[in-house]
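Note sheet for the following structure.
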């Protein structure tokens, strides 16, 4: 009996130690995650608090729940400036850019994945290499080209450089590669052509990747500053990032109004991400992106 008890304790001790170690790692992981979440949440909360604190400055420390909280900054933002038109401009441009990238990226990704041709790997590699070219390098030739077509200070001029995305094609191609080819073959036996296979077989199976590309494309267009600043000259065509930059004065700035504009610019992206968040991680994971 004594020997049995000793053996039982000898086996149970490492198990207890291992269980305690796992619990410690779990607690540490939760602490890190919570700390990261707070680090990302605090700036947004601070922006909201400043926007509802009349006369707040960057050097002052606003109260978490201001005693004189007011939405006056939001009223001034839309009353003293054509901010409603600015938001509409950004929304239309972001939606158009997103839809264009979804169409071009999905069709090109299908061609690279399901319609191999001689040199397709080289073409795809060259196309991916364009992701390493910064926009600043392309601004001058793009501007000259669009000026020759008379597209400066037009929405089309702001849209054209972003209707195709190398990242979008890569993301969707990786997702399409995960779809079993047996589904294509079964559809072919039923008399389906490439267009029917693309619409009825491929697209329904890459929904998470499409949702991920939708979020990224909308976010990039919504936050785009440099190219709209170069190509859009008229105040009535301004997009949100340009209008936000114009809120800051040379000597004095109404920081509550500026932060109100920042909150307005964050809300559409936040709503889109909340709606699509359950697809984003799945889409990135299935694409093989590290």
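Numbering (the working numbering), first residue to last: 94 to 383.
For every residue, glycine included, the Cβ atom is placed at its ideal position computed from N, Cα and C.
{"Query": "Skipping 5 residues on each side, what residues in its chain have a beta carbon closer than 8 Å to that of residue 198?", "Result": "257, 258, 261, 262, 264, 265 and 306"}
{"Query": "Can you tell me where the alpha helix (DSSP H) holding residue 192 begins and where it ends?", "Result": "176-207"}
{"Query": "May I have the straight-line CA-CA distance separating residue 341 from residue 288, to the nearest angstrom?", "Result": "51 Å"}
{"Query": "Going by DSSP, what residue range makes up the alpha helix (DSSP H) through residue 403?", "Result": "No statement about residue 403 is possible, as the shown extent of the chain runs from 94 to 383 and does not include it."}
{"Query": "Thinking residue 207 and residue 277 are a contact (beta carbons under 8 Å), I'd like their distance in whole angstroms, please.", "Result": "7 Å"}
{"Query": "For residue 203, which residues of its own chain have a beta-carbon under 7 Å away from its beta-carbon, when the five flanking residues on both sides are left out?", "Result": "269, 291 and 295"}
{"Query": "For residue 183, which residues of its own chain have a beta-carbon under 7 Å away from its beta-carbon, when the five flanking residues on both sides are left out?", "Result": "315, 332 and 333"}
{"Query": "Applying the 10 Å Cβ sphere with the 16-neighbour rule, what's the burial state of residue 234?", "Result": "exposed"}
{"Query": "Pick from 132, 301, 346 and 324: whose alpha carbon is nearest that of residue 241?", "Result": "324"}
{"Query": "Mind checking which residues open and close the alpha helix (DSSP H) that includes residue 263?", "Result": "259-270"}
{"Query": "Classify residue 325 as helix, strand or coil using the three-state DSSP reduction.", "Result": "coil"}
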